[in-house]
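Under my numbering, think of the first position of the sequence shown as 22, with each following residue one higher. Glycine included, C-beta positions come from ideal geometry on N, C-alpha and C.
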Amino acid sequence: MVNSMILQGRLTADIELKHTQSNVAYAEFTVAWSEKYRDVETKCFLRCKAWRNTAEFLNKYFHKGQEVVVVGHMVTEQWESDGEKKSRTICQVDKANFCGKKEDAGNSGNSQKAGGQDLGGDGFMNIPDGIDEELPFN
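Below is the structure:
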């Protein structure tokens with residue numbers, strides 16, 4: 022079986038480096054991207070987790086709004102909270118790479134333009150209400 026993913030997107034917040042009780046560095050963050058079908062753009066978000074040197078690299082060089090490429094695999098985390106079993110699927114990051122224009126690294130959070138429309142600080146256009154949803158296949 023194959024469990025591999027490559028994801029290119031923008032960070033939704035600054036990376037926050039944390040440590041386990043045994044002092045192992047890790048970082049949790051969310052990568053956002055968009056997919057477009059016809060004239061409808063859908064915003065997508067995926068929670069990611071990086072460990073050790075990869076987490077430290079991300080914390081040092083990346084910040085909110087910056088483009089990033091992550092390579093990893095999907096895992097399901099499970100835990101219990103208040104007697105209730107919970108789970109979530111995340112990308113376990115093996116590698117992270119720079120992406121996008123070099124000058125974007127210092128200008129994230131600024132307003133951007135695409136097709137003459139203001140994208141705002143997060144780089145996404147708002148999807149108008151009332152759009153009929155269509156499946157991208159027959």
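Beta-carbon gap between residue i and residue j smaller than 8 Å
i: A117; j: T75; result: yes
i: C112; j: G93; result: yes
i: L28; j: L67; result: yes
i: Q72; j: V91; result: Note on identity: in this sequence residue 72 is Trp, with Gln being the wrong assignment. No; because the gap between Cβ atoms is not below 8 Å, this pair is not in contact.
For residue i, the nearest candidate out of the options (CA to CA)
i: A23; options: V96, G104, L79, Y58; result: One detail in the question is off: residue 23 reads as Val in this sequence, not Ala. Measuring from the Cα of V23, the nearest candidate turns out to be V96.
i: C120; options: V61, E77, T110, G86; result: G86
i: H40; options: K70, W54, V52, E101; result: K70
i: W54; options: G30, S102, D60; result: G30
i: I36; options: M26, S25, V52; result: V52
Buried versus exposed call for residue i [16 or more other C-beta atoms within 10 Å across all chains shown]
i: F50; result: buried
i: K42; result: Residue 42 is actually Gln in this sequence, not Lys. So Q42 counts as exposed.
i: L156; result: Residue confidence is low: L156 scores 47 on pLDDT, short of 50, so the model does not pin down where it sits. No coordinate-derived value is stated.
C-alpha distance - residue i paired with residue j, whole-angstrom precision
i: G122; j: V89; result: Position check: residue 122 holds Lys in this sequence, whereas Gly was assumed. Cα to Cα, the separation comes out at about 11 Å.
i: G104; j: E98; result: 16 Å
i: F83; j: L38; result: 11 Å
i: A48; j: V114; result: 10 Å
i: E62; j: K81; result: 32 Å
i: F102; j: R109; result: The amino acid occupying residue 102 in the given sequence is Ser; Phe does not appear at that position. Their backbone Cα atoms lie some 13 Å apart in a straight line.
i: K106; j: Y58; result: 36 Å
i: E77; j: D60; result: 39 Å
i: S25; j: W100; result: 24 Å
i: E56; j: L32; result: 16 Å
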